[in-house]
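Before any comments, here is the structure.
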Amino acid sequence: MANLAERRYPVGIQTFSRIRKEGYVYIDKTDLVWKMTKESPFVFLSRPRRFGKSLLTTTLDSYFKGQKELFEGLKIMDLETEWESYPVIHIDLSVAKRQPSVDELRNTLMWLMDPLCEEYGRSNLETSPGKMLNGLIQRAFRKTGKQVVVIIDEYDAPLLDVLHESQQLEDFRNVMQEFYVQLKANEAMIRFCFITGITKFSQLSILSTINNLTNISMDPKFAAICGITEEEFVTDMAPDIQKLADKEEVTFEEMHAKLKLQYDGYRFSEVSPDVYNPFSLLKCFVQQKVSNYWFESGTPTFLICQMQYFRTDITTMDRIEASASSFDRPTEAMTNALPLLYQSGYITIKGYDRESDTYILSIPNKEVKVGLVDGLIPTYIGLDSSMVQDGFVLKFWRALKKNDIDAAMQEMKAFLASIPYVEGFQKKLEEVKNYEGFYEYTFWLIFNMLNVYAQTQVKCANGRIDFVVLMPDTTYVFELKVNGTAQQAFEQINGKGYYLPYQTEGRRVVKVGVQFDRDTMTVGGYLTD
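Structure representation (structure tokens):
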């Protein structure tokens, strides 16, 4: 192993050959790469952004080009014996995002294939992306006498920004259909085809007629093919954990726990190791600081738009019970935002009940929750998240730390009264302001900005608790009322014993009944013990 001071982390570097040649840290996944190529001649994999999909595609590129020297010392050397070289058509569609028109999309796709045309030629009759891809496959096959390997990275990139624009989505989808249909038409000439992206469009849409495509996205055998598992983390990256622990003057175990809370928690099948976000983890070691790196470019617009379109109940995202068919379904068949939230990494599998074939889904880790809240606050309350964080949240947090619930609720009252709310959402206020759910949304966003552990609609023996907030030395049990009084809310906490499960945890338990005023849309009154 290289000297720790010399360890280089491939942040922003997704090319396998460069990582190997220049000595960057590499977590060996080559045994899984080899097994995947034996699974099926046509393979599809969905994973969230910045999760190592592009590195996987370039690893396949080097493998099928027979670049054996790059794999010396890796697990695949015990598995592969032939190292045969194939012609590779590798297309990265990430640069085809945000195309303004169908014509621009076609032009971009053809421009991406120009370098391949320099090697394999082009016919003047190839006037569309599909015709050009068809020609490339056939000429590469004839020129080399070998079957062709096709690798397509971020296959869904051209479509994500138009998911909420039905006509443009249909037009773009037709272009992509004409492109992808060539893969099935030339099946006999294809040795291996790998397609990866974030979302899952059905074979009846853009992946039309590829009826032998094997989707390994939830296959337990390949659950860890992208990302960094716990075992890999504590072995391959133990020196990095120790270095950061020394800088922060904490123990190895304390730093391990902090990094696990921040970046771990992804699972991609019912039987799966926990997986760390590789981009965030490597960026953390480069910067020598535990922070939120996955959201440097912000929460994707297409996700926020879909959550708005489907009126997603954000307070349920801490625990969702669902069948696989409800979240691992084709993107264009969505009846809610759950499939997109799962496929883009904002929620993940946390448990599985085999008897009922039901999955438990939740937000993966602290980093994702903070980033999601930052993206949602402007949508729901019309303020920039930094304004909320630096103003109200700081004051509210200080009051809770001092166990001063009176000061905290006064800050809450003043803050809610000052919210301008966004245009468009304002139209819905008259409909929602009489419902407790509206205030639960606001509370959920606020508490999750506090970096405290907050739960909503917590199940207990006699019902559901509106909010439970766990501070280091205090547990706050909140009951919210719109059509009622603070006294009724407080009596409900006592009458149904909402506080009882928390009395044995060693924290002080504070019960808070809150009544909201429908006219002023802020705290009308509260009662605590």
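Residue numbers (this note's numbering): 792 to 1320. The C-beta atom is built at its ideal place from N, Cα and C for all residues, glycine as well. All figures in this text were calculated on a predicted structure; none of them were measured in a lab.
- Y1150 and A1115 have their C-alpha atoms roughly 7 angstroms apart.
- By the CB criterion at 7 angstroms, F1307 and V1273 fall inside the cutoff.
- By the neighbour-count criterion, in which a residue is buried when 16 or more other Cβ atoms sit within 10 angstroms of its Cβ, Q1079 is exposed.
- Listed in chain order, the non-local C-beta contacts of L870 below 6 angstroms within the same chain comprise W825, local neighbours out to five positions each way being set aside.
- Annotated as distal: P1064 and T1026, with beta-carbon spacing of 7 angstroms or more.
- Exposure of D894 is indicated by the presence of fewer than 16 other C-beta atoms within 10 angstroms of its C-beta.
- Cβ-Cβ distances below 7 angstroms link D819 to L865 and K866 in the same chain, with the five nearest sequence neighbours on each side left out; the list follows chain order.
- The Cβ atoms of V834 and I1007 sit closer than 7 angstroms to each other.
- Taking L896 as the centre and dropping the five residues before and after it, the same chain places the C-beta of A887, Q890, P949, F963 and V966 closer than 7 angstroms to its C-beta, in chain order.
- Taken atom to atom, the span from the alpha-carbon of T899 to that of G1162 is near 31 angstroms.
- One thing to note: S1117 has its Cβ no nearer than 7 angstroms to the Cβ of I989.
- Judged by DSSP in its simplified three-state form, I1138 adopts coil rather than helix or strand.
- Close CB contacts of V1314 within its chain, under the 7 angstroms cut and outside five residues either way in sequence, are with M1200, M1203, K1204, L1207, V1305 and F1307 (chain order).
- Counting only runs that start and end inside the segment 948-991, the beta strand (DSSP E) elements of at least 3 residues fall at 981-988.
- In the displayed model, N1068 falls within coil according to three-state DSSP, outside both helix and strand.
- If you compare the alpha carbons of D1197, L907, K1192 and R798 with that of P1263, the shortest gap goes to K1192.
- Residues of the same chain with a CB within less than 7 angstroms of the CB of L960, apart from the 5 flanking positions on each side, are L950, V953 and L954 in chain order.
- Here E1061 carries a coil assignment [DSSP, helix/strand/coil].
- Using a 10 angstroms sphere on the CB of A1124, the tally of other CB atoms stays under 16, which defines it as exposed.
- Around the C-beta of D852, 16 or more other C-beta atoms lie within 10 Å, and the residue is accordingly described as buried.
- Fully enclosed beta strand (DSSP E) runs of no fewer than 3 residues occupy 939-944 of the segment 901-953, in order along the chain.
- Looking at F1070, D905 and S892, the one whose alpha-carbon comes closest to that of L1050 is F1070.
- For V1025, no beta strand (DSSP E) encloses it; the enclosing alpha helix (DSSP H) starts and ends at E1021 to D1027.
- Within the same chain, Cβ atoms closer than 6 angstroms to the Cβ of R1120 are found at P1130, the five residues on either side in sequence being excluded.
- Collapsing the DSSP output to three states places Q1248 in a strand.
- With a threshold of 16 other beta carbon atoms within 10 Å, Q1278 falls short and is exposed.
- If you look at S1116, you'll find it in the alpha helix (DSSP H) that goes A1115 to F1118.
- I1016 and E863 have their C-alpha atoms roughly 19 angstroms apart.
- Per the coordinates, the alpha-carbon of T1103 lies some 50 angstroms from the alpha-carbon of E860.
- By the beta-carbon neighbour count (other beta carbons within 10 angstroms, threshold 16), P801 is buried.
- Taking a cut-off of 8 angstroms for Cβ pairs, the segment 878-885 and the segment 919-938 touch, as three or more such pairs fall below it.
- The beta carbons of V1164 and L1236 sit closer together than 7 angstroms.
- Of T1233, E1044 and T1139, the smallest CA-CA separation from V1066 is found for T1139.
- Rounded to whole angstroms, the Cβ separation of L884 and Y946 is 6 angstroms, and the two are in contact under 8 angstroms.
- Between F983 and P832, the C-beta gap is smaller than 7 angstroms, which places the two residues in contact.
- When only Cα atoms are considered, Q968 and K937 end up about 26 angstroms apart.
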